[in-house]
Amino acid sequence: MAPLVDGSSLVQVERPLASDNEWLPDDRWSDLLVAAQLGDAGAYRQFVTSVTPFVSGVARRRCWSADMIPDVVQDTMLSVHRVRHTYQAGRPVKPWLAAIAVRRSIDALRRRGRLQAREVHNQAAYESYADPGHDGEELRPPEHTLAQFTASLSPKQKQALELVKVREMSLSEAASASGQSVALLKVNIHRAIRKMQLEVASDAAGA
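Here numbering that gives the first Met the number 0 is used: the first residue of the sequence shown is 0, the next is one more, and so on.
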């Protein structure tokens, strides 16, 4: 056993070491996510960078088309951003992430009308971890958090992000609701997510 010192609270936490005396991946990710919950933007950036390949792998196994993977990864990381405060310290991060990524993959497949037999759930993960899209008030993120990262978006970008990524409308439904074309919606969503990523990076640099 080795002590891990949480710099924010100076509380020592005992955790088992891996056989090679390195922290297990879940432990590293858990530490970063807990630090992010406490407001450490640098830890949050490290967390996003380190888990993205894992999320991409989950999406790759679930999606029938390679061109769906970037969208699924973006949707998953946006969901993680919205519900990261619901993660409970000490629980494995991988099943929590995988459950979110699987749901976002299924959403993508549904939108393409090609779900069919690929809708295979990880029941253990689904029963043990919160669904970020369907648990109502409990999973509502602090309003100032989303406001912080959407402040730099144009009204059209905010609208596109809200309709497609938050309300989970199809592109055609969002186009009808917003008056934006499907092509313009795609552009605005891409630019909005990019701006939010830059906001996170900027916060981390100033931390």
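Glycine residues also receive a C-beta, built at the ideal position from the N, C-alpha and C atoms. Bear in mind that the values here come from a model prediction, so they are computed numbers and not experimental data.
Less than 7 Å between C-beta atoms, sequence neighbours within five positions excluded: which residues of the same chain meet that for residue i?
| i | result |
| --- | --- |
| Val-50 | Trp-28, Leu-96 |
| Ser-169 | Arg-110 |
| Ser-180 | Ala-174 |
| Phe-46 | Trp-28, Leu-31, Leu-32, Ala-35 |
| Gln-158 | Ser-177 |
| Lys-155 | Gln-179, Asn-187 |
| Leu-162 | Met-168, Ala-173, Ala-176, Ser-177 |
Between which two residues does the alpha helix (DSSP H) carrying residue i extend?
| i | result |
| --- | --- |
| Leu-249 | Given that the chain is displayed from residue 0 to residue 206, the structure contains no residue 249 and the question cannot be resolved. |
| Val-79 | 68 to 82 |
| Leu-37 | Premise fails: Leu-37 is in no alpha helix (DSSP H) and is neither H nor E. |
| Ala-98 | 92 to 110 |
| Ala-174 | 170 to 177 |
Any C-beta of chain C sitting closer than 9 Å to the C-beta of residue i?
| i | result |
| --- | --- |
| Met-76 | Absent from the structure: chain C. Only one protein chain is present. |
Alpha carbon to alpha carbon, how far is residue i from residue j?
| i | j | result |
| --- | --- | --- |
| Leu-31 | Ser-78 | 17 Å |
| Ala-35 | Asp-26 | 14 Å |
| Gly-41 | Met-195 | 15 Å |
| Ala-107 | Asp-39 | 31 Å |
| Arg-90 | Lys-185 | 36 Å |
| Arg-190 | Met-76 | 15 Å |
| Pro-52 | Arg-102 | 17 Å |
| Ile-188 | Asp-74 | 11 Å |
| Leu-37 | Pro-94 | 22 Å |
| Ala-65 | Val-92 | 25 Å |
| Ile-99 | Ile-105 | 10 Å |
| Lys-164 | Pro-24 | 29 Å |
In its own chain, which residues sit with a C-beta less than 6 Å from the C-beta of residue i, not counting the 5 before and 5 after it?
| i | result |
| --- | --- |
| Tyr-43 | Ala-35 |
| Ile-192 | Gln-73 |
| Ser-151 | Lys-194 |
| Ala-123 | Reliability fails at Ala-123, whose pLDDT of 44 lies under 50, so the model's placement of it is uncertain and the value that follows must be treated cautiously. Around Ala-123: no qualifying Cβ. |
Please work out which residues of its chain come closer than 8 Å, Cβ to Cβ, to residue i, disregarding the five sequence neighbours upstream and downstream, and give them in chain order.
| i | result |
| --- | --- |
| Ile-68 | Ser-55, Ala-58, Arg-59, Cys-62 |
Cβ pair count under 8 Å reaching 3, the stretch 172 to 181 against the stretch 72 to 90: no
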